[in-house]
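Numbered continuously in full-length UniProt numbering, the sequence shown closes out at residue 238. All C-beta atoms, glycine included, are put in the ideal place defined by N, C-alpha and C. None of these values were measured; they are calculated from a predicted model. Notes follow once the structure below has been shown.
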Amino acid sequence: MEHINHFVNTFNYRLEPSVKTHLKNVYSTLTASVLSASLGAYLHLFTNLSSIIGPFLQLIATIGFTLALSFSTPDAKNQNKRFGYMLAVGLFSGLSLGPLLEMTLFIDTSILPTALLATAFIFGCFTISAIFADRRQYLYVSGIASSAASLLFFMAITNIFFNSYAIYKTYFYIHFALMCALVLIDTVRIIELRAHGDTDHIMHACMLFLDLIQIFRYLLIILTDKERQSNNNKKKRN
């Protein structure tokens with residue numbers, strides 16, 4: 001109990017009241033977006049909506065609503081409309097995850113809850129690290145992330161010519177690590193933006209949602225690939 005009280009007191013000390021209120025709004029909007037994405041995934045698995053719309057239109061809709069949210073004015077007049085844009089981004093992101101979820105459930109139904117728990121754990125750890133970390137460390141992490149992004153670009157170009165599975169796997173895991181680091185970077189950025197007067201909690205929630213959905217996507221791929229290799233090894237032994 002003493003450790004919990006110390007944690008809460010430290011949390012209150014690290015963040016100003018306006019920032020804490022802003023983060024509550026951000027994570028409330030993020031929760032609503034995750035629920036909207038869950039609805040999108042459900043619609044893909046149990047209805048024909050995804051096949052009717054098609055993957056290309058789903059991608060265009062996701063990009064379109066994200067751009068609409070980015071370029072709309074963040075004031076009280078547009079708040080409900082912008083919140084609707086955010087829910088639409090979540091819905092179409094969930095729809096686009098549908099084929100991957102379908103394949104995952106076909107291989108092993110236990111992969112989905114494992115990926116969900118792992119995503120929540122990773123997101124929570126990096127979020128807490130961002131809140132309690134020294135802001136100067138943000139510069140170091142941002143520098144490393146920029147270097148990693150440059151490395152990924154050159155690896156992608158190189159693999160066009162070599163078509164190496166080893167390069168692809170290295171690229172994949174570095175990209176996954178970068179997505180995890182972005183949770184920390186974006187959380188610190190949101191805190192700093194609010195401290196300087198930016199109150200656009202819906203756009204800030206969109207930043208974190210895009211990080212979260214990518215981490216979940218990568219974990220699904222990693223766990224599904226491992227389970228598939230395990231099944232193939234079992235068949236070879238038999």
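- Taking C-beta atoms as the reference points, R228 and I122 fail to come closer than 8 Å.
- Assigned with DSSP and collapsed to three states, H204 falls in helix.
- Check the Cα spacing between F216 and each of K226, S28, P113: the tightest is with P113.
- Close CB contacts of T62 within its chain, under the 7 Å cut and outside five residues either way in sequence, are with V89, F92, S93, S96 (chain order).
- Of the residues assessed, T109 falls on the exposed side of the cut-off, its CB having fewer than 16 other CB atoms within 10 angstroms.
- The C-alpha of I144 is placed about 12 Å away from the C-alpha of M179.
- About 5 Å separates the CB atoms of G98 and S50; that is less than 8 Å, so the two are in contact.
- Under the criterion of beta carbons closer than 8 Å, S72 and N80 do not qualify as touching, at roughly 11 Å.
- Distance from the Cα of H22 is smallest, within the candidate group G197, L45, Q214, for G197.
- Distance between A41 and Y168, taken at the CA atoms: about 27 Å.
- In the three-state DSSP reduction, S72 falls in the coil class, being neither helix nor strand.
- Rounded to the nearest angstrom, the gap between the Cα atoms of A205 and V26 is 5 Å.
- Here the C-alpha atom of D211 lies approximately 12 Å from the C-alpha atom of A120.
- Boundaries cannot be given for T47, as no alpha helix (DSSP H) includes it and DSSP labels it neither H nor E.
- As for any beta strand (DSSP E) of minimum length 3 sitting wholly inside the region 159-218, there is none.
- F132 is the residue among A177, F132, C125, I157 whose C-alpha sits nearest the C-alpha of I191.
- In the three-state reduction of the DSSP assignment, T109 falls in the coil class, being assigned neither a helical nor a strand state.
- Shown here, G40 sits in a helix according to DSSP, grouped into three states.
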